[in-house]
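Novice: Before I ask anything, let me first share the structure, which is written out below as structure tokens.
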Amino acid sequence: MSAANGPLLHHSEPIDPTLWEWLSTKIDHVLGISPGVMVFILGSGIVLFPVIVMVMVWRRQRTAGDD
Amino acid sequence: MSTEHGGTGNRGRKRVFYGWYIIAALFFVTLISLGARQGFGIFISTWEEDWGVTTAAISFVGFVGTLATGFSQPIFGWLADRYGGRPIVIVSLAVMALGTIAVAAVSSVIGLVVLYGLVISFASGGISPATTGVIVVRWFKKRRGMAMSVLVAGGSVGGLIFVPFLDYVELEFNWRIAWIVTGSLALVIGIPLILLIVRSKPEDMGLKIDGGKSIVDQDSDASQDPVGPKYVERWTSAFRSRPIWQLSFGYFVCGITTSSIAFHYVRWAQSEDISRDTAALAFALLSGINACGVIVVGLLSDRLQRKNLLGAVYLVRGVAFLTLIFLPGSMALWSFALIGGMSWLATVPLTASLTADVYGVRNLGTLFGLANMSHAFGGAAALWAFGLAFTHFGSYDVPFAVGAVTLLAAGIVSLSIKEKKDSVRYVQVPREVILSSDETTVATT
Chain A
1 MSAANGPLLH HSEPIDPTLW EWLSTKIDHV LGISPGVMVF ILGSGIVLFP
51 VIVMVMVWRR QRTAGDD
Chain B
1001 MSTEHGGTGN RGRKRVFYGW YIIAALFFVT LISLGARQGF GIFISTWEED
1051 WGVTTAAISF VGFVGTLATG FSQPIFGWLA DRYGGRPIVI VSLAVMALGT
1101 IAVAAVSSVI GLVVLYGLVI SFASGGISPA TTGVIVVRWF KKRRGMAMSV
1151 LVAGGSVGGL IFVPFLDYVE LEFNWRIAWI VTGSLALVIG IPLILLIVRS
1201 KPEDMGLKID GGKSIVDQDS DASQDPVGPK YVERWTSAFR SRPIWQLSFG
1251 YFVCGITTSS IAFHYVRWAQ SEDISRDTAA LAFALLSGIN ACGVIVVGLL
1301 SDRLQRKNLL GAVYLVRGVA FLTLIFLPGS MALWSFALIG GMSWLATVPL
1351 TASLTADVYG VRNLGTLFGL ANMSHAFGGA AALWAFGLAF THFGSYDVPF
1401 AVGAVTLLAA GIVSLSIKEK KDSVRYVQVP REVILSSDET TVATT
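These protein sequence lines are chains A and B, in that order. Residues 1 to 67, numbered by my numbering, are exactly what the first sequence covers, in order. Residues 1001 to 1445, numbered by my numbering, are exactly what the second sequence covers, in order.
What follows is the structure in structure tokens.
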């Protein structure tokens, strides 16, 4: 294990591979969803968030123009 | 949620202050940046198998990366102070994105040292609180603590979403695709998001800090706003006063105590015969409480003295360290997750906000970047010292006791900051008074 592989994600330390193995086992056990579906679910969330923010700003600017 | 003065929209609804959209955009790029840095850990075993290298060799990459990020933060912070946070975040994100995509073509540890250890890690310092904080404090004054807390909590929660995402991409495809996806997200979504939404300061959009009245029709100028009695025009001047040393000392201790636990968490759990299931659940609890804790502290910090909260955070973390010494295995683990989780990230928004309140926003990037560097070096020193102590004493009791004592010291030092005397929240002085006294000091010396 690396001296620079901290698990607690305080700032930007890489996650500890041992702890990640423990965590991913636990997640798989609880959710039991295939990797492909998880990629879709998490990926959709990651992409949708900035898209929603951009739409909100665009609507705000359009409203400001109407004012 | 604060709203904008004079902005009600055409349906009479109050408009959300634009600063919150900036927080949302910075949240996303922080997520990508932290995800790329944190996700490194999940590929280590794959690289070991694929390339036949040792963990120590790949650890060296992480070590170089930690140093590079530590050094880059004051540099990028200084640049953000001079040129605004927006261009620094954009350039850093672009470099980080290209470096991340290039990792997909790497097939040796040397390639990782160059791309991850140097390029990505150095560039990620430009997407850290030292630069994003420079933007946030220029948009928020009354709710500065809350805004910084949301950004920091976003990075934490984001990391917890992005790291599993990368792992599943690797499982479904391979590790090279995972790095390409990360870099592409930064290039295709992150950079346009910053370009479209983020502005370094509200004046760039004809707005005013905290959503106050638009300055377009006024003669008011942000550079004429009152400042605190310790406001500095040059960052070096700050080091002639006490608060920056008090804040930096606390942040150094923060680095010692978080990095040491980060590295020794798994080893300690194993030495206490705690099952991996229990340790994983406790970690998940700590992470959840961590994100909630930082938001609660952010809310309180805009109402109470920030130094009192900062002192309390260090003291609470000290108590968490004591539980590791005095409570038995599993009970210590859960107690630490509950008590320590509340304090884990809360130091970041409090330290950044206090630095801005005392010295003004003009040099925040440099000053907070230096504080972050002390945090990184404190952490690196602690990893080595805790390891030595464990080897010598055969248990973590002594290093944890040292951690508790340093946290007690950090708590007392933070509480001794004279916020009501030095912070712009409590004492406001016309800027010209400070500048003229600075000139007098320079003339007499």
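Every residue, glycine too, gets a C-beta built ideally from N, C-alpha and C.
I need the straight-line Cα distance from B/A1291 to B/S1156, nearest angstrom please.
Specialist: Taking the second sequence and counting its residues from 1, one reaches residue 1291 of chain B at position 291. Taking the second sequence and counting its residues from 1, one reaches residue 1156 of chain B at position 156. So the alpha carbons of these two residues sit roughly 7 Å apart.
Novice: Which first and last residues belong to the alpha helix (DSSP H) in which B/K1307 is found?
Specialist: As a working mapping, residue 1307 of chain B is identified with position 307 in the second sequence. Segment 1306-1326, the alpha helix (DSSP H) holding B/K1307.
Novice: Is B/Y1396 close to chain A? Criterion is C-beta to C-beta, closer than 8 Å.
Specialist: Within the second sequence, numbered from 1, the residue matching residue 1396 of chain B stands at position 396. False, the Cβ-Cβ gap to chain A never drops below 8 Å.
Novice: Using a threshold of 7 Å, is the CB atom of B/K1421 nearer than that to any non-hydrogen atom of the ligand ATP?
Specialist: With respect to small molecules bound, the structure shown includes none, and the ligand ATP cannot be examined in it.
Novice: Do B/V1413 and B/F1239 count as a contact pair if the criterion is CB distance below 8 Å?
Specialist: Residue 1239 of chain B sits at position 239 when you count from the first residue of the second sequence. Residue 1413 of chain B sits at position 413 when you count from the first residue of the second sequence. No.
Novice: Is it the case that the Cβ atoms of B/L1093 and B/I1191 are separated by a distance below 8 Å?
Specialist: On the second sequence, residue 1093 of chain B is found 93 positions in, with the first residue counted as 1. On the second sequence, residue 1191 of chain B is found 191 positions in, with the first residue counted as 1. Yes, the Cβ-Cβ distance between B/L1093 and B/I1191 is below 8 Å.
Novice: Could you tell me whether any Cβ in chain B is nearer than 8 Å to the Cβ of A/V55?
Specialist: Numbered from its first residue, the first sequence carries residue 55 of chain A at position 55. No - not a single Cβ of chain B is within 8 Å of the one on A/V55.
Novice: At least one CB of chain B closer than 8 Å to the CB of A/I15: is that the case?
Specialist: Within the first sequence, numbered from 1, the residue matching residue 15 of chain A stands at position 15. Cβ-Cβ to chain B under 8 Å: yes for A/I15.
Novice: How about B/T1069 and B/S1124: do their beta carbons lie closer than 8 Å?
Specialist: The residue given as residue 1069 of chain B occupies position 69 in the second sequence. The residue given as residue 1124 of chain B occupies position 124 in the second sequence. A contact, by the Cβ cut-off of 8 Å.
Novice: Identify every residue that forms a DSSP beta bridge with B/V1448.
Specialist: This structure leaves residue 1448 of chain B out entirely; chain B is present only between 1001 and 1445.
Novice: Taking Cβ to Cβ, would you say B/A1352 is nearer than 8 Å to B/F1377?
Specialist: Counted from its first residue, the second sequence places residue 1352 of chain B at position 352. Counted from its first residue, the second sequence places residue 1377 of chain B at position 377. Not in contact: B/A1352 and B/F1377 (Cβ atoms no closer than 8 Å).
Novice: Can you tell me where the alpha helix (DSSP H) holding B/V1053 begins and where it ends?
Specialist: Taking the second sequence and counting its residues from 1, the one referred to as residue 1053 of chain B is at position 53. From DSSP, B/V1053 is part of no alpha helix (DSSP H); its letter is neither H nor E.
Novice: Between the alpha carbons of B/I1194 and B/S1241, how many angstroms are there, rounded?
Specialist: Your numbering for residue 1194 of chain B matches position 194 in the second sequence. Your numbering for residue 1241 of chain B matches position 241 in the second sequence. So the alpha carbons of these two residues sit roughly 36 Å apart.
Novice: Does the region 1300-1316 of chain B come close enough to the region 1395-1402 of chain B to have 3 or more Cβ pairs within less than 8 Å?
Specialist: no
Novice: Can you tell me where the alpha helix (DSSP H) holding B/E1233 begins and where it ends?
Specialist: Sequence index remark: in the second sequence, residue 1233 of chain B carries index 233 (1-based). Segment: none, B/E1233 is in no alpha helix (DSSP H) and carries neither H nor E.
Novice: Three-state secondary structure (DSSP) at B/V1198?
Specialist: Here the question's residue 1198 of chain B lines up with position 198 in the second sequence. If DSSP states are grouped into helix, strand and coil, B/V1198 belongs with coil.
Novice: For chain B, find out if any of its Cβ atoms is closer than 8 Å to the Cβ of A/S44; answer yes or no.
Specialist: By 1-based counting over the first sequence, the position of residue 44 of chain A is 44. Chain B, which has no Cβ nearer than 8 Å to the Cβ of A/S44, makes this no.
Novice: Do A/L42 and B/I1180 have their C-beta atoms closer together than 8 Å?
Specialist: Counting from 1 along the first sequence, the entry for residue 42 of chain A is found at position 42. Counting from 1 along the second sequence, the entry for residue 1180 of chain B is found at position 180. No; because the gap between Cβ atoms is not below 8 Å, this pair is not in contact.
Novice: Could you check whether the Cβ of B/G1041 sits closer than 8 Å to any Cβ belonging to chain A?
Specialist: On the second sequence, position 41 is the one that residue 1041 of chain B refers to. So, interface residue.
Novice: According to the Cβ coordinates, are B/T1100 and B/T1030 closer than 8 Å?
Specialist: Residue 1100 of chain B sits at position 100 when you count from the first residue of the second sequence. Residue 1030 of chain B sits at position 30 when you count from the first residue of the second sequence. In this structure, B/T1100 keeps its C-beta atom at 8 Å or more from the C-beta atom of B/T1030.
Novice: How should B/S1260 be labelled, buried or exposed, when 16 other C-beta atoms within 10 angstroms of its C-beta is the threshold for buried?
Specialist: Translated into the one-based positions of the second sequence, residue 1260 of chain B becomes position 260. Per the 10 Å Cβ criterion, buried.
Novice: So A/T36 contacts chain B; which residues on that side make the cut at Cβ distance below 9 Å?
Specialist: Counted from its first residue, the first sequence places residue 36 of chain A at position 36. According to the sequence provided, residue 36 of chain A is Gly. The question's Thr does not apply to it. Neighbours of A/G36 in chain B, taken as residues whose beta carbon is under 9 Å from its own, are Y1168, L1171, E1172 in chain order.
Novice: Could you tell me which of B/V1016, B/V1358, B/G1365 sits nearest to A/A64, measuring between CA atoms?
Specialist: Here residue 64 of chain A refers to the residue found at position 64 when the first sequence is read from its first residue. From the listed residues B/V1016, B/V1358, B/G1365, the smallest Cα separation to A/A64 is found for B/V1016.
Novice: With 16 other CB atoms within 10 Å as the buried threshold, where does A/P17 fall?
Specialist: Position 17 of the first sequence, counted from the start, is the residue given in the question as residue 17 of chain A. Burial state of A/P17 is buried, judged by a 10 Å Cβ sphere holding 16 or more other Cβ atoms.
Novice: Just curious, the alpha helix (DSSP H) that B/W1344 is in, first and last residue?
Specialist: Translated into positions along the second sequence, residue 1344 of chain B becomes position 344. Premise fails: B/W1344 is in no alpha helix (DSSP H) and is neither H nor E.
Novice: What residue range does the alpha helix (DSSP H) around B/S1287 cover?
Specialist: For the purposes of this step, residue 1287 of chain B is identified with residue 287 of the second sequence, where counting begins at 1. 1276-1301 is the span of the alpha helix (DSSP H), which, as asked, contains B/S1287.
Novice: Ordered along the chain, which non-local residues of its own chain (more than five positions away) have a Cβ less than 6 Å from that of B/L980?
Specialist: This structure cannot settle anything about residue 980 of chain B, because the visible part of chain B is limited to 1001 through 1445.
Novice: The alpha helix (DSSP H) spanning B/S1260 covers which residue range?
Specialist: Counted from its first residue, the second sequence places residue 1260 of chain B at position 260. Run containing B/S1260: 1242-1271, per the alpha helix (DSSP H) assignment.
Novice: Do we get a CB-CB distance below 8 Å when we pair B/Y1021 with the residues of chain A?
Specialist: As a first step, residue 1021 of chain B must be located in the second sequence, where it is residue number 21. B/Y1021 counts as touching chain A.
Novice: For chain A, find out if any of its Cβ atoms is closer than 8 Å to the Cβ of B/Q1218; answer yes or no.
Specialist: Numbered from its first residue, the second sequence carries residue 1218 of chain B at position 218. The pLDDT assigned to B/Q1218 is 45, lower than 50, so where the model puts this residue is not dependable, and the model offers no usable value.
Novice: Kindly indicate which three-state DSSP category B/G1403 falls into: helix, strand or coil?
Specialist: Your numbering for residue 1403 of chain B matches position 403 in the second sequence. Looking at B/G1403 - three-state DSSP - the assignment turns out to be helix.
Novice: What is the DSSP secondary structure of B/L1207, reduced to helix, strand or coil?
Specialist: The sequence position of residue 1207 of chain B within the second sequence is 207, counting from 1. If DSSP states are grouped into helix, strand and coil, B/L1207 belongs with coil.
Novice: Would you give the residue range spanned by the alpha helix (DSSP H) that B/D1422 belongs to?
Specialist: Residue mapping note: residue 1422 of chain B aligns to position 422 of the second sequence, counting from 1. Per DSSP, B/D1422 belongs to the alpha helix (DSSP H) from 1419-1422.
Novice: Comparing C-alpha positions only, which one of B/F1140, B/V1103, B/L1196, B/K1208 sits nearest to B/S1184?
Specialist: Counting from one through the second sequence, the residue named residue 1184 of chain B turns up at place 184. Relative to B/S1184, the option among B/F1140, B/V1103, B/L1196, B/K1208 whose CA is nearest is B/V1103.
Novice: Along the chain, where does the alpha helix (DSSP H) containing B/A1376 start, and where does it finish?
Specialist: Counting from one through the second sequence, the residue named residue 1376 of chain B turns up at place 376. Start and end: 1364-1393.
Novice: Please classify B/V1424 as buried or exposed, where buried requires at least 16 neighbouring CB atoms within 10 angstroms.
Specialist: Numbered from its first residue, the second sequence carries residue 1424 of chain B at position 424. Buried: at least 16 other Cβ atoms inside 10 Å.
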